[in-house]
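Quick notes on the structure that follows.
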Amino acid sequence: MSIKLLILDIDLTICNNLERKVKAVERAIGRSIESEELRRKVAHNYGFLRVMKYLGVKPDERLRNEILKHFFYDLDLFELDKPFDGASETLNKLAKDFKIYYVTGRPIKETALKFLKKNDFPLGELYNIKINPGESWKKAFLFKTIVREAKIEPREAVAIGDLPGDARAAIKAGLKCIGICKVHKSFKKDLEKICNKVIEDIRDLPRSLKELEP
0 MSIKLLILDI
10 DLTICNNLER
20 KVKAVERAIG
30 RSIESEELRR
40 KVAHNYGFLR
50 VMKYLGVKPD
60 ERLRNEILKH
70 FFYDLDLFEL
80 DKPFDGASET
90 LNKLAKDFKI
100 YYVTGRPIKE
110 TALKFLKKND
120 FPLGELYNIK
130 INPGESWKKA
140 FLFKTIVREA
150 KIEPREAVAI
160 GDLPGDARAA
170 IKAGLKCIGI
180 CKVHKSFKKD
190 LEKICNKVIE
200 DIRDLPRSLK
210 ELEP
């Protein structure tokens with residue numbers, strides 16, 4: 000059965016949100032991170048405890064919630080988001096052959112819509128639900144909803160995301176899945192165990208989709 004529909008995650012799949020992450024951490028701890036090396040570690044490492052260790056800050060639930068508040072709700076920080084190289088161009092080409100949907104863990108849907116429009120991504124339905132770190136399993140509900148509303152079989156859809164949790168949610172919903180480890184290279188092995196394909200660059204997506212076709 001051929002693929003009819005693509006479901007794209009946004010953050011760290013087509014959107015580089017690393018500077019927003021660093022700024023959210025800075026606002027939560029109340030100081031700037033001056034060292035470029037430290038900024039890079041904060042940006043590229045996944046996990047609250049690891050990031051706080053690099054900063055020499057004692058982690059607690061209040062601080063974690065403060066970082067998430069700035070990351071999700073400080074609207075000015077979303078202006079720092081940028082598309083990964085070739086993301087818009089790649090999806091616009093794919094939109095000629097596939098229906099495009101988007102999912103995001105951002106609680107404010109408009110921030111994702113603004114990003115897509117600003118950077119000339121193809122129009123497509125956007126589904127959102129607030130997802131904190133470690134809660135990617137919640138996307139299974141979104142995947143099932145999209146497939147049902149699109150009136151297709153789950154195996155006719157492919158989910159594309161950056162986290163192993165995204166992939167597990169897709170599999171749970173009966174979808175094929177492609178993992179992208181553009182930023183968190185350490186996830187590659189886990190993604191390879193779950194996904195049908197794993198790539199490091201969104202521009203490799205068309206080739207991977209052809210390989211998934213029966």
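The numbering of the sequence shown is this note's numbering, which starts it at 0 and goes up by one. Here a beta-carbon is modelled for each residue, glycine too, at the ideal position from N, C-alpha and C.
Mind checking which residues open and close the beta strand (DSSP E) that includes G160? In the DSSP assignment, G160 falls within the beta strand (DSSP E) that extends over A156 to G160.
Per DSSP, I179 forms a beta bridge with which residues? Answer by DSSP bridge pairing, in chain order: I198.
Span of the alpha helix (DSSP H) holding I145? Unbroken alpha helix (DSSP H) run through I145: K138 to A149.
Residue from E134, L174 and K95 with nearest C-alpha to I6: Check the Cα spacing between I6 and each of E134, L174 and K95: the tightest is with L174.
Three-state secondary structure assigned by DSSP to P205: If DSSP states are grouped into helix, strand and coil, P205 belongs with the helices.
Using 8 Å as the Cβ pair cut-off and three pairs as the minimum, do the region 81–96 and the region 117–130 touch? As far as the Cβ criterion goes, the region 81–96 touches the region 117–130, which means the pair count is three or higher.
Provide the residue(s) that pair with I6 in DSSP beta bridges, ordered along the chain. Under DSSP, I6 takes part in a beta bridge, and its partners are Y100 and A158.
Assuming contact is defined by CB atoms lying nearer than 9 Å, are F83 and I13 in contact in what I supplied? Taking 9 Å as the Cβ cut-off, F83 and I13 qualify as a contacting pair.
Using a Cβ distance threshold of 8 Å, determine whether the region 190–204 contacts the region 47–63, with at least three qualifying pairs required. Contact between the region 190–204 and the region 47–63 is absent, because fewer than three Cβ pairs lie under 8 Å.
When the Cα of I179 is compared with those of L37, I170, I159 and N195, which residue comes out closest? Taking only the C-alpha atoms, the option nearest I179 is I159.
Please classify N64 as buried or exposed, where buried requires at least 16 neighbouring CB atoms within 10 angstroms. The Cβ neighbour count for N64, taken over all protein chains shown within 10 Å, is under 16; the residue is labelled exposed.
Local conformation of Y126 per DSSP, three classes: Taken through DSSP and simplified to helix, strand or coil, Y126 comes out as strand.
According to the Cβ coordinates, are I9 and V102 closer than 9 Å? The answer is yes: Cβ separation under 9 Å.
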